[in-house]
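Student:
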Amino acid sequence: MISVIIASLNDKNSLLACLPSILAEAPFEVLIADGGSNDGTQEAVFGQASLISTLPGRGCQFNQAAAKAQGEVLLFLHADSILPTGWSGEITRLMAEPKILAGAFQFKTDFRSWWMPLLEFGVALRSKYFELPYGDQGLFLRRADFMRLGGYLEVPLMEDFEFSRRISRQGKIATSTLALITSGRRWQERGFWQVTKINLWIVALYLLGYPQEHLKSIYVSHKKP
1 MISVIIASLN DKNSLLACLP SILAEAPFEV LIADGGSNDG TQEAVFGQAS LISTLPGRGC
61 QFNQAAAKAQ GEVLLFLHAD SILPTGWSGE ITRLMAEPKI LAGAFQFKTD FRSWWMPLLE
121 FGVALRSKYF ELPYGDQGLF LRRADFMRLG GYLEVPLMED FEFSRRISRQ GKIATSTLAL
181 ITSGRRWQER GFWQVTKINL WIVALYLLGY PQEHLKSIYV SHKKP
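Once you know that position 157 of the sequence shown is 157 in the UniProt record's numbering, the rest is easy, because the numbers rise by one and skip nothing.
#1: Between glutamine 48 and threonine 54, how many whole angstroms is the CB-CB distance? I'm expecting something under 8 Å.
#2: For the beta strand (DSSP E) that valine 45 lies in, which residues bound it at each end?
#3: Given a cut-off of 9 Å on the beta-carbon distance, is the pair leucine 118 and phenylalanine 107 in contact?
#4: From the DSSP output, read off the bridge partner residues of phenylalanine 111.
#5: Check glutamate 72 in the structure and name its three-state DSSP category.
#6: Tell me which residue opens and which closes the alpha helix (DSSP H) that phenylalanine 172 is part of.
#7: Quick check on the burial criterion: 16 or more other C-beta atoms within 10 angstroms. Buried or exposed for arginine 185?
#8: Who are leucine 139's beta bridge partners in DSSP?
#9: Opposite glutamine 106 in the DSSP bridges: which residues?
#10: Which same chain residues, not among the five before or five after threonine 109, have their C-beta less than 8 Å away from its C-beta?
#11: Report yes or no: do three or more beta-carbon pairs, one from the segment 62 to 71 and one from the segment 142 to 152, lie closer than 8 Å?
#12: What would DSSP say about glutamate 29, mapped onto helix, strand or coil?
#13: Isoleucine 22 to leucine 132, Cα distance in whole Å?
#14: Drop a sphere of 10 angstroms on the beta-carbon of tyrosine 129, count the other beta-carbons inside from all chains shown, and report buried for 16 or more, exposed for fewer.
#15: Suppose contacts are defined by Cβ-Cβ distances below 9 Å. Is glycine 36 in contact with proline 20 by that definition?
#16: Once you ignore the five residues that flank isoleucine 218 on each side, which residues in its own chain have a CB closer than 8 Å to its CB?
#17: The alpha helix (DSSP H) with valine 155 in it runs from where to where?
#18: Is there contact here, the segment 165 to 174 with the segment 64 to 76, by at least three beta-carbon pairs under 8 Å?
#19: Which whole-angstrom value describes the C-beta separation of leucine 141 and leucine 101, a residue pair presumed to lie in contact below a C-beta threshold of 8 Å?
#20: Any idea what DSSP makes of alanine 96, helix, strand or coil?
#21: Taking the Cβ atom as the reference point for each residue, do leucine 40 and histidine 78 lie within a distance shorter than 9 Å?
#22: Alpha carbon to alpha carbon, what distance is there between histidine 214 and glutamate 25?
#23: Which same chain residues end up closer than 6 Å to serine 221 when comparing Cβ atoms and leaving out the 5 residues on each side of it in sequence?
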């Protein structure tokens, strides 16, 4: 069985778009790790998923939900994700390969512009040649391997980047040919070059060992409109 774990914080509308793409294929375990929403998330998802109340922070949210998950394979999603048709069979196929430790989907956004294919192409190269998928690509792996690796670091930023690096040191991260659709709102609102520049800058500072709180302050300051 696959357990789908979604980190959420005031993401009611995104969840209402995300959940049908999960539930359309088969009855899987769906866990929403909610970091304290006050937008009616709890009422909106009632009967569609199990809600787990956690402290905010994706690393913490994912870890607490994973501890309660019953599936042999865990799929971690951001709330603004739409899974592709055939996602469950693709995960089952890839996880049947002993040499594959984890996997992720191709990256695609719901915002179309002439420069978005450039971003998607860059992400595809990063995922294929460096085996570094980000959280907005839907990371999946066996529950036993997740526990053995110690799960996500509970840090303000870069928990997905750090976890992918840790996984890739231990084994192969495969990238599916299927694409997960994620929200392109931040690129639409703040511009392709601005968002790409700050993302690359934060990754560079992280690799240089800058403190997490410093990275968070940079991210938050550039997130404001």
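Yeah, the Cβ is synthetic: ideal placement off N, Cα and C, and Gly gets one too. Being a predicted model, the structure only gives us computed values, none of them experimental.
Tutor: Once the coordinates are examined:
#1: The pair is not a contact, with the Cβ atoms about 18 Å apart (cut-off 8 Å).
#2: For valine 45, there is no enclosing beta strand (DSSP E), as DSSP marks it with neither H nor E.
#3: Contact: no.
#4: None, per the DSSP bridge assignment.
#5: The answer is coil: DSSP assigns glutamate 72 none of H, G, I, E or B.
#6: Here residue 172 is lysine; the residue named in the question, phenylalanine, does not match the sequence. That residue, lysine 172, is in no alpha helix (DSSP H); its beta strand (DSSP E) goes 172 to 182.
#7: If you draw a 10 Å sphere on the C-beta of arginine 185, you find fewer than 16 other C-beta atoms in it, and that means exposed.
#8: Partner(s): Phe76.
#9: Looking at the DSSP assignment, glutamine 106 forms a beta bridge with Ala179.
#10: Cβ within range, chain order: Met116, Leu119, Glu120, Ile181, Thr182, Ser183, Gly184, Trp187.
#11: Cβ pair count under 8 Å is three or more, so yes.
#12: Assigned with DSSP and collapsed to three states, glutamate 29 falls in strand.
#13: Straight-line Cα distance between these residues: approximately 24 Å.
#14: Around the C-beta of tyrosine 129, fewer than 16 other C-beta atoms lie within 10 Å, and the residue is accordingly described as exposed.
#15: It is not a contact, given that the beta carbons lie outside the stated cut-off.
#16: Within the same chain, isoleucine 218 has close Cβ partners Ile198, Trp201, Ile202, Leu205.
#17: Taken as a continuous stretch (DSSP letters only), valine 155 belongs to no alpha helix (DSSP H), as it is neither H nor E.
#18: As far as the Cβ criterion goes, the segment 165 to 174 does not touch the segment 64 to 76, which means the pair count is below three.
#19: The Cβ separation is near 6 Å, so the contact holds.
#20: Residue state, collapsed to three classes: coil.
#21: For clarity, residue 40 is glycine in the given sequence; the question names leucine instead. In this structure, histidine 78 does not lie closer than 9 Å to glycine 40 by Cβ.
#22: Going from the Cα of glutamate 25 to the Cα of histidine 214 covers about 42 Å.
#23: Apart from sequence neighbours up to five positions away, no residue of its chain approaches serine 221 with a beta-carbon distance below 6 Å.
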